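Heads up: the sequence lines are chains A and B, in that order.
For what it's worth, the working numbering labels the leading residue of the first sequence as 1, then goes sequentially.
For what it's worth, the working numbering labels the leading residue of the second sequence as 142, then goes sequentially.
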Amino acid sequence: MSAPTGKSAVVLSDVRVGDSLPELSIPLTASLIVAGALASRDFTPVHHDRSAAQATGLQDVFMNILTTNGLVGRYITDWTGPDAVIRNVAIKLGAPNLPGDTLTFSGTVASREGDELRIEIKGKNSWGDHVTGTVRVVISS
Amino acid sequence: MHLDSETARRNQAFEVGIREYVGMKEGPPFACPDLVNEPMIRHWCEVMGDSNPAYLDADVARKTVHGGIVAPPTMLQTWDMRGYPMRDPALIQNKQRELHALFDRAGYTGVVATDTEQEFIRYLRPGDQITSETTIESISEEKATGLGIGYFIVTRTVFTDQNGDEVGWLTFRVLKFKPSQPPAAVATDGGAPKAPSRIKSPRGHDNAWWWEGIDAGLLLIQKCRDCGALRHPPGPMCGACQSSRWETTESSGEGTVYSYTVLHHPPIPGYDFPCPVVLIDLQEGTRLVANIAACKPEEIHIGMKVECRIEDAGEGMKLPFFYPAR
C-alpha cells in the first residue's frame, strides 16, 4: 500500500496479533469537553453547564459519549492512516472525564481475519478506565 | 418493617407500566435536520484533533479507499442529535422521555450511560440525508449497582439514507437508578477531580430495612414467620417454606470466618487495597459478607472468631465491620 498522504500509516503486512498501538494522551480541559459536546450537537446541560453537572454530584462538566466515540475513532485512524474503514466500535463507559485530568489511550491488536483487525482499546484517566472496548477496522492491503 | 399492600400494589403497577414500553418506537422516523456536510465535519474534526485527510481534504481523500470526502464514522450519532432544545427535557417529547419520566416518578431519578455499540455499514458522504429510528429494545430486571438500585434500558437506533438503505445502527444502554446518596459535596477549587468514595449501600424494596437497621446500630437477621428459618441477604420469600411473612431478630454480632478472599486487582476507587472480603458464619446460623478491621490480610484464617461493630465508613454511611474477637 502506498500512503498517499505522507501521514504515518501502518502497513497491514507488518501488523501482528499482539502488537500495541502507540499511546495517545489527551489533556482534558473544560474547553475540550464543552466544544466536543457542541460539535456533536449534544446540548445536554451536564456537558456545558457546570452548575447542572454539579447537581449530579460531580465537580464540573464531564465529557459526552459522542466525544469519547470521536476520540476512539481518531485514535484508531491516527494509527491506520486514511486507507482504513472502521466497521464497528463497541465501548463500555466507566470513570467520567473531567477538566484537569488526562485521558490516555492504549490499544492492542487482538485478532485478525483477512484484512480486518479487531483492536482492543482502553482510555484511562486518574480515576481508572474511562472507556474500554473493541474496534473492528479493515485496512486495505 | 413490612411492605404494606399499598406499596406492593404501586410497585406492581410500576413494573407493568415500564414493560409496556419494550419494543416501542421512540417516535416516528426522524429526518436528521442537516444533510451530511463538510462544515460540520470540519468543526467536529477540529475539536477531536482528528487530521485524517479522508474527512478534510478532497484532493487527498479522492486517492484513498474512500474515493472522496467522508464523514468520520463515529460522528454517526451527531447527525441525529436534537441540538439546543436538548438543554430542556420539556422541549423534547418522545416515548423514551415518557419512560424515563415513569422511572423519575418512582424515584429512579439518576441516569448514566454504560455501553454503546455502533456498526457502520457504509461511510456517510456530504449530501447524504439521514433518517433515524429508535426502538426501546429491552428493560432489565431491577439490579443493585454501585450507584444505587436501578434498571438497564437498551435502545437501538437504525440509520437509513435518502434511498432507504441502512447505513448503520447503534445500541445504547443506560442505567436509570435511585441515587443511593444525595449528590456529594462538590469541590469548586478547580483542581484535579476528586476520586469517588466507596460504593454506597444499595437500598431497594427488599433490603432497605436491613440498612436502616445498620444506620440505627443494629445487625438484623431476617426470620421466616412461618417456619422460623433465618436468611441473609434479605429477600421477599423464605427459601425453605416459600412463605412471604417475615420478621427480624437482632444478631449478637459474634461469629467465625467461614471463608475469605483478598482482592488485589483491579483497584476500585474508595477502597484500601489489598482489600479483604470475609464470609462470616454468624452465631445465630446465617452467613454475611463483610469487611474485616484491625487485621492484616495474612492474619485472617478460616475458623477465626470475630465480633461485629457498626461503624461510620465515611460520608455518614454506616457499615458492619468485623474485628478479631477479644
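Just so you know, even glycine gets a beta-carbon here, dropped at the ideal spot from N, CA and C.
Treat the numbers as computed from the prediction; the structure is a model and nothing was measured.
DSSP-derived helix/strand/coil call for residue i
i, result
"T275/B", "strand"
"F105/A", "strand"
"K237/B", "The amino acid at residue 237/B is misidentified as Lys; the sequence shows Gln. The answer is helix: DSSP assigns Q237/B an H, G or I state."
"Y249/B", "coil"
"V34/A", "helix"
"G309/B", "strand"
"D78/A", "helix"
"V131/A", "strand"
"T215/B", "helix"
"T205/B", "coil"
"Y225/B", "helix"
"D422/B", "strand"
"I441/B", "coil"
"Y401/B", "strand"
"C416/B", "strand"
"Y162/B", "coil"
"D256/B", "strand"
"P377/B", "coil"
"V46/A", "helix"
Residue i burial status per 10 Å Cβ neighbour count (16 or more: buried)
i, result
"F414/B", "exposed"
"H47/A", "buried"
"S393/B", "exposed"
"R136/A", "buried"
"S273/B", "buried"
"G6/A", "With a pLDDT of 40 at G6/A, under the threshold of 50, the predicted position of this residue should be treated as unreliable, and no value is reported."
"N348/B", "buried"
"V11/A", "exposed"
"V157/B", "exposed"
"E23/A", "exposed"
"E260/B", "buried"
Inter-residue spacing [alpha-carbon to alpha-carbon] between residue i and residue j
i, j, result
"V188/B", "T80/A", "20 Å"
"R428/B", "K284/B", "22 Å"
"Q234/B", "S111/A", "43 Å"
"A326/B", "G345/B", "Confidence in A326/B is poor, its pLDDT being 41 and thus under 50, which makes the residue's placement unreliable; the coordinate value appears in the next sentence. Roughly 24 Å between the two C-alpha positions."
"G369/B", "I121/A", "52 Å"
"A173/A", "Q59/A", "Here chain A covers residues 1 to 141 and nothing more, so residue 173/A does not appear."
"I26/A", "G164/B", "39 Å"
"R246/B", "R160/B", "16 Å"
"A254/B", "A90/A", "13 Å"
"L232/B", "Q153/B", "30 Å"
"I119/A", "G457/B", "43 Å"
"P438/B", "G396/B", "18 Å"
"I277/B", "P170/B", "14 Å"
"T389/B", "K92/A", "40 Å"
"L265/B", "P320/B", "40 Å"
"Y249/B", "E167/B", "20 Å"
"T205/B", "D269/B", "20 Å"
"G455/B", "D256/B", "30 Å"
"G123/A", "A30/A", "18 Å"
"Y412/B", "L240/B", "35 Å"
Interface flag, residue i vs chain A, CB-CB below 8 Å
i, result
"T255/B", "yes"
"Y249/B", "no"
"P194/B", "yes"
"V177/B", "no"
"F244/B", "no"
"M458/B", "no"
"G168/B", "no"
"Q234/B", "no"
"W185/B", "yes"
Any chain B beta carbon closer than 8 Å to residue i
i, result
"W79/A", "no"
"T44/A", "yes"
"P82/A", "yes"
"S140/A", "yes"
"A35/A", "yes"
"I86/A", "yes"
"D114/A", "Here residue 114/A is Gly; the residue named in the question, Asp, does not match the sequence. False, the Cβ-Cβ gap to chain B never drops below 8 Å."
"V72/A", "yes"
"I119/A", "no"
"G128/A", "yes"
"S20/A", "no"
"K92/A", "yes"
"V15/A", "no"
"A39/A", "yes"
"V89/A", "yes"
"L66/A", "yes"
Contact test: residue i Cβ vs the ligand COA heavy atom, cutoff 7 Å
i, result
"I33/A", "With respect to the ligand COA, the structure offers nothing, as it holds no ligand at all."
Item to complete: Say whether the segment 206-215 of chain B touches the segment 71-80 of chain A, bearing in mind that this needs 3 or more beta-carbon pairs closer than 8 Å, one atom from each stretch.
Response: yes
Discussion item. Taking contact to mean 3 or more Cβ pairs, one atom from each stretch, closer than 8 Å, check whether the segment 77-97 of chain A and the segment 52-68 of chain A are in contact.
Written reply: yes
Discussion item. Tell me whether the segment 177-187 of chain B and the segment 31-49 of chain A touch, counting them as touching only if at least three CB pairs, one residue from each stretch, are closer than 8 Å.
Written reply: yes
Worksheet item: Can you find at least 3 beta carbon pairs, one from the segment 396-406 of chain B and one from the segment 360-377 of chain B, that sit closer than 8 Å?
Response: Output reads no: the segment 360-377 of chain B does not touch the segment 396-406 of chain B.
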